[in-house]
Amino acid sequence: MNTHQPPPIGALLRDWRQLRRFSQLDLALEAEISQKHLSFIESGRSRPSREMVLLLAEHLGVPLRERNALLLAAGYAPIYPERPLEDPSLNAARSAIDLILKGHEPYPAIAVDRHWTLLAYNNAVTRLLGLVADAELLKPPVNVLRLSLHPDGLAPFILNLAEWRAHLLARLRQQVRATADPKLGEFLGELMSYPHPGTGTRHEAEAEAAIVVPMQLKLGETTLSLISTTTVFGTSVDVTLSELALETFFPADAATGEALRALAAQAESAT
């Protein structure tokens, strides 16, 4: 018999508050409730209403998936639906994603979920995937961070691998802190175990702190220098959409733009 019991709502809220580095007073002021009331909730002396759970979750920046878990722990039904991207009710969102990916050509663009699983991509990405030596890395579900940093993936073709690795790991660490997702924590450990150059170098430390780090990718005789931006569905009330991100890559220099346009023209003429 399974005797494991999930943590009570008070303990979960306290964990999120501490993760966000809020004192009880800080959170109480933000939520406009008394510190005594919050203390009673965290200690289990008071059962929060559904509205109170959602209020505290909002001020703590708890992701929608974990808000559902908080509601369940408090004895309430989840309110945020989680539907697969292929669900007919998400057709409008999927059409918008496809439009963005296609409209970004000839530059690479991808859609990923919270665990960096590749959900969709455009033709420019297809041309880059041809560099990957290990076919196992391309079998669904494909993880784009693993694909980028694995020694049998794109890593051998990334000229500034130390800087790019530090940049990606910094983003992933930030995501782990924001979501408290144990699977992401395990994945971070996996990526850190891959062989890599330049550990502890000045450039790596600078890359981790930088806002924009280009990926310098060797593609045949051409070097592509790409910077990326992230787009999210910020006002989504669906778990799936709230966790989806669009990564769009732009040329960091004129030569890269010309090379990507030329590759697209060659591919089009070959079809």
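Counting from 0, one number per residue, gives the positions in the sequence shown under numbering that gives the first Met the number 0. Cβ coordinates follow ideal geometry from the N, Cα and C atoms, glycine included.
query = Is Gln215 helix, strand or coil when you go by DSSP?
reply = In this structure, Gln215 counts as strand in the three-state DSSP scheme.
ask   = What's the gap between the Cα of Asp97 and the Cα of Ala119?
value = A direct Cα-Cα distance of roughly 8 Å separates Asp97 from Ala119.
inquiry  = When you measure from the CB of Pro155 to every non-hydrogen atom of the ligand ZN, does any distance come out below 7 Å?
reply    = Ligands displayed in this structure: none; no statement on the ligand ZN is therefore possible.
inquiry  = What does the alpha-carbon distance come out to for the pair Leu24 and Leu11?
reply    = Their backbone Cα atoms lie some 17 Å apart in a straight line.
task = Figure out for me which residue from Pro6, Leu148 and Ala165 has the closest Cα to the Cα of Val211.
result = That would be Ala165, whose Cα lies nearest to the Cα of Val211.
request  = Please name the residue, chosen from Gln174, Arg82 and Phe248, that lies closest to Phe186 on a Cα-to-Cα basis.
outcome  = Nearest C-alpha to Phe186 among Gln174, Arg82 and Phe248: Gln174.
request  = Kindly indicate which residue of Pro87, Asp86, Arg64 and Ser88 has the alpha-carbon position closest to the one of Pro77.
outcome  = When C-alpha distances from Pro77 are compared across Pro87, Asp86, Arg64 and Ser88, the shortest belongs to Arg64.
ask   = So, helix, strand or coil for Ile78, using DSSP?
value = DSSP places Ile78 in the coil class of the three-state scheme, outside both helix and strand.
request  = Work out the CA separation of Arg13 and Ser33 for me, nearest whole Å.
outcome  = Distance between the alpha carbons of Ser33 and Arg13 is about 15 Å.
ask   = In chain order, which beta strand (DSSP E) runs of at least 3 residues are fully inside the region 66-149?
value = Taking only runs of at least 3 residues, the beta strand (DSSP E) segments lying wholly in the region 66-149 are 108-111 and 117-120.
key: Three-state class that DSSP yields for Phe248 in the structure shown   = Annotated three-state conformation of Phe248 is strand, per DSSP.
key: alpha helix (DSSP H) segment containing Val175, residue limits   = Its alpha helix (DSSP H) spans residues Leu160 to Thr178.
message = In the DSSP output, which residue or residues are listed as bridge partners for Ser224?
response = In the DSSP output, where bridge partners are listed per residue, Ser224 has Gln215.
query = Which residues in the same chain as Ala134 place their Cβ atom closer than 6 Å to its Cβ, once the five residues preceding and following it in sequence are excluded?
reply = For Ala134, where only same-chain residues beyond five positions count, there are no Cβ hits under 6 Å.
key: Pro139 to Leu28 span [Cα, whole Å]   = Taking the straight line joining both Cα atoms gives about 46 Å.
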